[in-house]
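Enquirer:
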Amino acid sequence: METLSYQDVNMGVVDRCREGDNRAQYELYKLYAKAMFNVSMRITNDYAEAEDVLQEAFISAFKNLHSYKAEASFGSWLKKIVVNAAINAIRKRRSELVPMDERLAGEVPDEINNDEDTEWQVEKVRKAIQKLPDGYRIVLSLYLLEGFDHAEIGEILGITESTSKSQFSRAKKKLLEIMREPQFAA
Amino acid sequence: MKDRLEEFVSENREAFDVFEPRPELWQEICHELPKAKKETTRVIKFNFGDSFSLSGNLVFMRVAAAVVLLLGCALTLVLMKLNAPDTNNTLAAAAEQAPLNRIAPELVEVEAYYASQIEAKKSQLSAYDLKVLGLDKDQEIDQELERLNTSYQQLKKELYTTPNTDKVMDAMIQNLQIRIRVLSRQLEILQKVEQLQKQQTSEPQKDETANV
Numbered sequence: 000m001e002t003l004s005y006q007d008v009n010m011g012v013v014d015r016c017r018e019g020d021n022r023a024q025y026e027l028y029k030l031y032a033k034a035m036f037n038v039s040m041r042i043t044n045d046y047a048e049a050e051d052v053l054q055e056a057f058i059s060a061f062k063n064l065h066s067y068k069a070e071a072s073f074g075s076w077l078k079k080i081v082v083n084a085a086i087n088a089i090r091k092r093r094s095e096l097v098p099m100d101e102r103l104a105g106e107v108p109d110e111i112n113n114d115e116d117t118e119w120q121v122e123k124v125r126k127a128i129q130k131l132p133d134g135y136r137i138v139l140s141l142y143l144l145e146g147f148d149h150a151e152i153g154e155i156l157g158i159t160e161s162t163s164k165s166q167f168s169r170a171k172k173k174l175l176e177i178m179r180e181p182q183f184a185a
Numbered sequence: 000m001k002d003r004l005e006e007f008v009s010e011n012r013e014a015f016d017v018f019e020p021r022p023e024l025w026q027e028i029c030h031e032l033p034k035a036k037k038e039t040t041r042v043i044k045f046n047f048g049d050s051f052s053l054s055g056n057l058v059f060m061r062v063a064a065a066v067v068l069l070l071g072c073a074l075t076l077v078l079m080k081l082n083a084p085d086t087n088n089t090l091a092a093a094a095e096q097a098p099l100n101r102i103a104p105e106l107v108e109v110e111a112y113y114a115s116q117i118e119a120k121k122s123q124l125s126a127y128d129l130k131v132l133g134l135d136k137d138q139e140i141d142q143e144l145e146r147l148n149t150s151y152q153q154l155k156k157e158l159y160t161t162p163n164t165d166k167v168m169d170a171m172i173q174n175l176q177i178r179i180r181v182l183s184r185q186l187e188i189l190q191k192v193e194q195l196q197k198q199q200t201s202e203p204q205k206d207e208t209a210n211v
């Protein structure tokens, strides 16, 4: 997703941020705030909490800019911070994330639906994702929208790679199920 | 493994970012960011070694402020104590310290009454041209009045220092009464002189001995 040239564009700004340049900080904020806010929104599923996470993440990013070694793009480095902050926030709120969903998994029908019949609309999918239980929503969002692989998700959530995989497929089933609900289609 | 959902999401990835944080959020973030550059340019730091920094140590600054304040208070107290005996020795200063109407409130009225009486007598006296009347004793009267006045002022000063204000007050009132009596006597004398002079002018040859 992030190319080397894209990285280089930001390096000057990042260097100025390291020196405490307020305008450079704002430049980076403007560039990433919306994307990072949506990452945070998808994990927390709460506007106020997502904002708190965004604020915390940006502050910690600017304070720890010296630890950014430019081995990844600034965007993906920042995204990691946002994701971790969001996961921490949601952990404080709800004691269990994944275990609850293991029990729920039984209720999800096993058959793989041919989803050609469902009408594909961004808003519909997005809202269906929002309706997913926390554990499902987080794994699905991280994999599908934030572009993390299952190994990374496992690391972030403190679960195994295979748990992440199974969790994701269950989440997907649940999502399609939600989308097929009559009140949801309306 | 790529199914319809995954394809759809990757095709429409941008459209999934629908939320925007409040515009004010940046200000909130800004407040909590360390302003390394600005601080060094704006704040003047006084450094006296490593452990002793005036700008950095808030507790130290507070303690320093308290010490300065205490020293200031102590200094003013000491100066006041040093000055106190001096001011007590001078009666004028004592008079200033304790207002008259607190020691002898009635004296203000008494003084005003006699002052008006004395003024009246004096204006009556000034109506007579003493030199014309051939009386050069006015100097003697003025001297007498001046003597009374100085003793009155002396009494007034004593009022602030003696515990027995009643006696002093009586003496003061007596002083004022004497003044009035002196003035009245003078006035009487002058009136008599005037009468005699009138008689003299009407019968100059007849009553030459009456003048004496």
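So the protein sequences, as listed, match chains A and B.
Quick note on numbering: numbering that gives the first Met the number 0 labels position 82 of the first sequence as 81, and the sequence is numbered without any gaps.
Quick note on numbering: numbering that gives the first Met the number 0 labels position 114 of the second sequence as 113, and the sequence is numbered without any gaps.
For glycine and all other residues, C-beta sits at the position ideal for the given N, C-alpha and C.
1) Examine chain B for any beta-carbon lying closer than 8 Å to the beta-carbon of LEU30(A), and answer yes or no.
2) With burial defined as no fewer than 16 other Cβ atoms inside 10 Å of the residue's Cβ, what is the status of SER122(B): buried or exposed?
3) Does the beta carbon of THR40(B) come closer than 8 Å to any beta carbon on chain A?
4) When DSSP labels each residue in this structure, what does TRP119(A) get in the three-state scheme?
5) Give a yes or no on whether 8 Å exceeds the smallest Cβ distance from ASP114(A) to chain B.
6) With a CB to CB cut of under 6 Å and the five nearest residues on each side skipped, what residues in its chain are close to ASN9(A)?
7) Express the C-alpha separation of LEU68(B) and LYS33(A) in angstroms, rounding to a whole number.
8) Hey, does ILE137(A) have any beta-carbon neighbour from chain B nearer than 8 Å?
9) So, with DSSP's three-state summary, where would you put LYS36(B)?
10) Quick one, which of ARG17(A), LYS68(A) and VAL82(A) has its alpha-carbon nearest GLU154(A)'s?
11) Where does ASN163(B) fall in DSSP's three states?
12) Can you find at least 3 beta carbon pairs, one from the stretch 21-29 of chain B and one from the stretch 42-60 of chain A, that sit closer than 8 Å?
13) Is the CB of ARG61(B) under 8 Å away from at least one CB in chain A?
14) For LEU90(B), name the three-state secondary structure that DSSP assigns.
15) Could you please give the first and the last residue of the uninterrupted alpha helix (DSSP H) stretch that includes ALA126(B)?
16) Return the first residue and the last residue of the alpha helix (DSSP H) that GLU6(B) is part of.
17) Run the CB neighbour count on GLU108(B), radius 10 Å, all protein chains shown included, and call it buried at 16 or more, exposed below.
18) Can you give the Cα-Cα distance for ASP148(A) and GLU26(A), rounded to whole angstroms?
19) Between SER140(A) and ARG17(A), is the Cβ-Cβ spacing less than 8 Å?
20) Say whether chain B places a C-beta atom closer than 8 Å to the C-beta of ILE155(A).
21) Is LEU4(B) close to chain D? Criterion is C-beta to C-beta, closer than 8 Å.
22) Report the neighbours of GLN24(A) on chain B: residues whose CB is nearer than 7 Å to its CB, in chain order.
23) So THR164(B) packs on LEU158(B), CB below 8 Å; how close in whole Å?
24) Rounded to the nearest angstrom, what separates PHE61(A) and ALA49(A) at their Cα positions?
25) Would the beta-carbon of PHE18(B) fall within 8 Å of that of VAL121(A)?
26) When we look at the beta-carbon of ASP14(A) and count the other beta-carbons within 10 Å, is it buried (16 or more) or exposed?
27) When the distance is taken between beta carbons, is ILE177(A) closer than 8 Å to TYR127(A)?
28) Looking at C-alpha atoms only, which residue of VAL124(A), LYS29(A), ARG22(A) and ASP20(A) is the closest neighbour of LEU24(B)?
29) In chain B, which residues lie with their C-beta within 8 Å of the C-beta of TRP119(A)?
30) Can you give the Cα-Cα distance for SER163(A) and ASP20(A), rounded to whole angstroms?
31) Rounded to the nearest angstrom, what separates ASN44(A) and VAL8(B) at their Cα positions?
32) Ends of the alpha helix (DSSP H) at LYS68(A)?
33) Along chain B, which residues have their Cβ under 8 Å away from the Cβ of LEU77(A)?
34) Run the CB neighbour count on ALA111(B), radius 10 Å, all protein chains shown included, and call it buried at 16 or more, exposed below.
35) Within the continuous alpha helix (DSSP H) that includes VAL52(A), where are the two ends?
Expert: Let's see:
1) For the purposes of this step, residue 30(A) is taken as the residue at position 31 of the first sequence. Answer no: the Cβ-Cβ gap between LEU30(A) and chain B never drops below 8 Å.
2) Along the second sequence, one-based indexing puts residue 122(B) at 123. SER122(B) comes out exposed.
3) The residue given as residue 40(B) occupies position 41 in the second sequence. Residue placement at THR40(B) is flagged as unreliable, the pLDDT there being 47, under the threshold of 50; the coordinate-derived value follows with that caveat. So no, THR40(B) is outside the interface.
4) Stepping through the first sequence from its first residue, residue 119(A) is reached at position 120. TRP119(A): coil per DSSP, three-state reduction.
5) Locating residue 114(A) in the first sequence gives position 115, where the first residue counts as 1. Here the model assigns ASP114(A) a pLDDT of 49, short of 50, so the residue's position is not dependable, and the following value carries that caveat. Taking Cβ atoms only, chain B reaches closer than 8 Å to ASP114(A), which makes this a yes.
6) Working through the first sequence from its first residue, we reach residue 9(A) at position 10. PHE73.
7) Locating residue 33(A) in the first sequence gives position 34, counting from the first residue. Locating residue 68(B) in the second sequence gives position 69, counting from the first residue. Cα to Cα, LYS33(A) sits roughly 53 Å from LEU68(B).
8) Numbered from 1 along the first sequence, position 138 holds the residue referred to as residue 137(A). So no, ILE137(A) is outside the interface.
9) The residue labelled residue 36(B) in the question sits at position 37 within the second sequence. Caution applies to LYS36(B), whose pLDDT of 49 falls short of 50 and renders its modelled position unreliable; the value that the coordinates give is listed next. Reduced to three states, the DSSP call for LYS36(B) is helix.
10) In the first sequence, the residue the question calls residue 154(A) occupies position 155. It is VAL82(A).
11) On the second sequence, position 164 is the one that residue 163(B) refers to. Of the three classes helix, strand and coil, the one that applies to ASN163(B) here is coil, per DSSP.
12) yes
13) The sequence position of residue 61(B) within the second sequence is 62, counting from 1. False, the Cβ-Cβ gap to chain A never drops below 8 Å.
14) As a position in the second sequence, residue 90(B) is number 91, starting the count at 1. Unreliable placement is indicated for LEU90(B), whose pLDDT of 48 sits below 50; the coordinate value is still reported in the next sentence. Helix, per DSSP.
15) As a position in the second sequence, residue 126(B) is number 127, starting the count at 1. From DSSP, ALA126(B) is part of no alpha helix (DSSP H); its letter is neither H nor E.
16) Taking the first residue of the second sequence as 1, we reach residue 6(B) at position 7. First-last of the alpha helix (DSSP H) with GLU6(B): 3-10.
17) Here residue 108(B) is taken as the residue at index 109 of the second sequence, counted from 1. Label assigned to GLU108(B): exposed.
18) Against the first sequence, residue 148(A) aligns to sequence position 149. Against the first sequence, residue 26(A) aligns to sequence position 27. Roughly 29 Å separates the two Cα atoms.
19) As a working mapping, residue 140(A) is identified with position 141 in the first sequence. As a working mapping, residue 17(A) is identified with position 18 in the first sequence. No, Cβ-Cβ distance for SER140(A) and ARG17(A) is not below 8 Å.
20) Along the first sequence, one-based indexing puts residue 155(A) at 156. False, the Cβ-Cβ gap to chain B never drops below 8 Å.
21) Given the protein chain composition of this structure (A and B), no chain D is represented.
22) For the purposes of this step, residue 24(A) is taken as residue 25 along the first sequence, with counting starting at 1. The answer, in chain order, is LEU32.
23) Taking the second sequence and counting its residues from 1, one reaches residue 164(B) at position 165. Taking the second sequence and counting its residues from 1, one reaches residue 158(B) at position 159. Indeed, because the Cβ distance is near 6 Å, the residues count as touching under 8 Å.
24) As a working note, residue 61(A) is residue 62 in the first sequence. As a working note, residue 49(A) is residue 50 in the first sequence. Between PHE61(A) and ALA49(A), the C-alpha separation is close to 18 Å.
25) Here residue 18(B) refers to the residue found at position 19 of the second sequence. Here residue 121(A) refers to the residue found at position 122 of the first sequence. For PHE18(B) and VAL121(A), no; Cβs fall outside 8 Å.
26) To locate residue 14(A), count along the first sequence from 1; it is residue 15. ASP14(A) comes out exposed.
27) Position 128 of the first sequence, counting from 1, holds the residue named residue 127(A). Position 178 of the first sequence, counting from 1, holds the residue named residue 177(A). Reading off the sequence, residue 127(A) comes out as Ala, not Tyr. In this structure, ILE177(A) lies closer than 8 Å to ALA127(A) by Cβ.
28) Working through the second sequence from its first residue, we reach residue 24(B) at position 25. Measuring from the Cα of LEU24(B), the nearest candidate turns out to be LYS29(A).
29) The residue given as residue 119(A) occupies position 120 in the first sequence. Here the neighbours are ARG3 and PHE7.
30) Here residue 163(A) corresponds to residue number 164 of the first sequence, with the count starting at 1. Here residue 20(A) corresponds to residue number 21 of the first sequence, with the count starting at 1. Spanning the two alpha carbons is a distance of roughly 40 Å.
31) The sequence position of residue 44(A) within the first sequence is 45, counting from 1. The sequence position of residue 8(B) within the second sequence is 9, counting from 1. Distance between the alpha carbons of ASN44(A) and VAL8(B) is about 18 Å.
32) Along the first sequence, read from residue 1 onward, the residue named residue 68(A) stands at position 69. LYS68(A) -> no alpha helix (DSSP H), and no H or E assigned at all.
33) Counted from its first residue, the first sequence places residue 77(A) at position 78. Within 8 Å Cβ-Cβ: nothing; LEU77(A) doesn't reach chain B, min ~13 Å.
34) One-based indexing of the second sequence puts residue 111(B) at position 112. The residue in question, ALA111(B), is exposed, as its Cβ has fewer than 16 Cβ neighbours within 10 Å.
35) Within the first sequence, numbered from 1, the residue matching residue 52(A) stands at position 53. Run containing VAL52(A): 46-62, per the alpha helix (DSSP H) assignment.
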